[in-house]
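FYI, the numbering for the sequence shown is 1 to 337, going by full-length UniProt numbering.
Positions of the beta carbon are idealized from the N, C-alpha and C atoms, including for glycine.
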Amino acid sequence: MFLVVVEQEVRRVSSVVVEDLSMTYRVPVRQAGLMSALRSVVRRRYRDVHAVRDASFRISSGEVVGFVGPNGAGKTTTMKIMSGLLHPTAGEVRVLGFTPWQRRTPFLKQIALVRGSQPTGGSQELTLLDALQYQRVLYEVPAADFRRNLDELCELLELGPLLERQLRALSLGEKMRAGLALSLSYRPKVLFLDEPTLGLDVSAATTIRRFLASYATQTGATILLTSHYMADVEATCRRLMLIDHGSVRYDGPLGQLSARLSPYKLVRISAADATKEVLAEIAEVVSTSGMSWTLRVARADVARVTSVLLATFEVADLAVEEPTLEDVIDRAYRDGV
Ligand SMILES: Nc1ncnc2c1ncn2[C@@H]1O[C@H](COP(=O)(O)OP(=O)(O)OP(=O)(O)O)[C@@H](O)[C@H]1O
């Protein structure tokens with residue numbers, strides 16, 4: 001009885017439950033050349049692409065989770081399934097208690113999928129304000145709620161100057177801000193963000209990152225975010241899921257990723273008398289700039305190496321750092337997670 005209650009409680013607080021999810025695309029294949037083209041008309045051949053393999057995870061209400069992986073890892077496919085655009089080959093998915101691909105209206109009214117590659121859907125001839133009003137009608141948002149949401153979004157996303165402009169005439173960064181406003185105007189409880197800073201310049205990307213971090217805190221929305229920019233993940237997420245070849249390889253706190261996946265730390269020293277030859281005998285030299293050097297040192301070896309460095313050179317400065325998230329992820333992709 002107690003276990004049943006606990007299980008029910010876990011299900012209640014989990015906005016997203018994914019169990020043994022798999023998605024296999026069946027893609028037609030043919031070799032190059034006219035004969036192969038003709039042959040394929042008569043007898044088509046297919047190949048299976050396993051985009052997602054037995055993925056399982058849960059996301060609690062109000063969690064903001066980074067979903068990271070190399071190109072083709074299966075992130076977009078998983079997001080499309082969770083937002084009801086695709087029917088998986090196998091597995092169970094519950095989002096706010098709904099099966100996404102049944103596309104029930106109460107489900108669609110509580111979730112949003114925002115894609116950096118297509119920030120604004122629908123007619124591009126509409127002004128942003130008209131498009132927002134259209135969303136209000138479509139999602140049946142009470143007028144007072146809509147006005148309140150819009151005021152908040154206008155302030156956070158600096159939308160004032162964009163409201164009277166046609167969507168098609170907006171720049172990429174403006175389109176992304178408009179796309180977020182359109183998707184958030186009905187206050188979805190669960191937000192799927194697929195590369196929200198794709199192609200944006202540094203300042204536009206920073207605006208989006210700041211917005212997402214404060215939106216998550218203010219509204220308590222559950223957010224799953226994919227990005228190839230680690231700055232997006234670091235600015236918004238405390239938990240990270242790493243997916244590779246369709247399988248979840250790491251799922252845990254961002255802060256522990258480095259300790260789990262990266263067996264080394266970076267030791268930076270400044271020493272006028274240090275030389276590459278001598279340093280290379282002590283540790284792996286990663287980079288140098290003037291009299292500053294960066295060394296890669298196995299975690300277990302850091303204390304010994306630092307004391308050797310201090311004994312060998314006239315050290316002006318010494319710092320031990322975790323490798324950057326970018327570096328850890330890059331290594332994880334290259335070496336296999
Ligand atoms: N509609 C489709 N038909 C056939 N194969 C597909 C389709 N969509 C995706 N795939 C394949 O499924 C795999 C996973 O693709 P997916 O787009 O989910 O990856 P991703 O992690 O989002 O990649 P990226 O970071 O490049 O956007 C890839 O091998 C891709 O080629």
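Checklist entry - Does DSSP classify Glu277 as helix, strand or coil? => result helix
Next on the checklist: At 3 residues or longer, what runs of the beta strand (DSSP E) sit wholly inside the region 227–258?
Outcome noted: 239–244, 247–253
Checklist entry - Contact check, Leu163 vs Leu128 under 8 Å by CB: the rounded distance? => result 5 Å
Item to check | Top-ranked residue by Cα proximity to Gly91, from Thr24, Val114, Ala112, Arg47 | outcome: Thr24
Checklist entry - What is the DSSP secondary structure of Val285, reduced to helix, strand or coil? => result strand
Checklist entry - Regarding Thr99 and ligand 3, is the C-beta to nearest heavy atom distance less than 7 Å? => result Ligands in the displayed structure: ligand 1; ligand 3 is not one of them.
Checklist entry - Rounded to a whole number of angstroms, what is the C-alpha to C-alpha distance between Lys80 and Asp244? => result 17 Å
Next on the checklist: Spatial neighbours of Tyr333 within its chain, please: C-beta separation below 6 Å, excluding the five flanking residues on both sides.
Outcome noted: Pro70
Item to check | Residue range of the unbroken beta strand (DSSP E) whose run includes Asp194 | outcome: 190–194
Next on the checklist: Can you tell me which residues form a DSSP beta bridge with Arg26?
Outcome noted: Asp48
Checklist entry - What beta strand (DSSP E) runs, 3 residues minimum, are completely inside the region 61–87? => result 64–68
Checklist entry - Listed by chain order, which residues have C-beta atoms less than 5 Å from any heavy atom of ligand 1? => result Tyr25, Val27, Val49, Ala51, Asn71, Gly72, Ala73, Gly74, Lys75, Thr76, Thr77
Item to check | Alpha-carbon to alpha-carbon, Pro323 and Ser262 | outcome: 8 Å
Item to check | Spatial distance of Val13 from Phe192 (CA atoms) | outcome: 18 Å
Item to check | Contact belief for Gly252 with Arg239 at Cβ below 8 Å, rounded distance in angstroms | outcome: 7 Å
Checklist entry - So Arg147 is in the alpha helix (DSSP H); what residue range does that whole segment cover? => result 143–157
Next on the checklist: Given a cut-off of 8 Å on the beta-carbon distance, is the pair Thr120 and Lys175 in contact?
Outcome noted: yes
Checklist entry - Based on the DSSP secondary-structure assignment, which residues constitute the bridge partners of residue 338? => result In the structure as shown, the chain starts at 1 and stops at 337, and residue 338 therefore has no counterpart that could be examined.
Next on the checklist: Report the CB separation of Arg296 from Val286 in whole angstroms; it is logged as a contact under 8 Å.
Outcome noted: 5 Å
Item to check | Chain-order list of residues whose beta-carbon lies under 6 Å from that of Glu326 (same chain, five-residue window excluded) | outcome: Met230
Checklist entry - Counting Cβ pairs closer than 8 Å, one from the region 259–279 and one from the region 313–322, do we hit at least three? => result yes
Checklist entry - Shortest alpha-carbon distance to Arg331 belongs to which of Ser292, Arg103, Ser258? => result Ser258
Checklist entry - So, are the CB atoms of Ala73 and Gly179 less than 8 Å apart? => result no
Next on the checklist: Beta-carbon within less than 6 Å of Ser61's beta-carbon, same chain only, minus the 5 sequence neighbours each way: which residues are those?
Outcome noted: Val13, Ser15, Thr222
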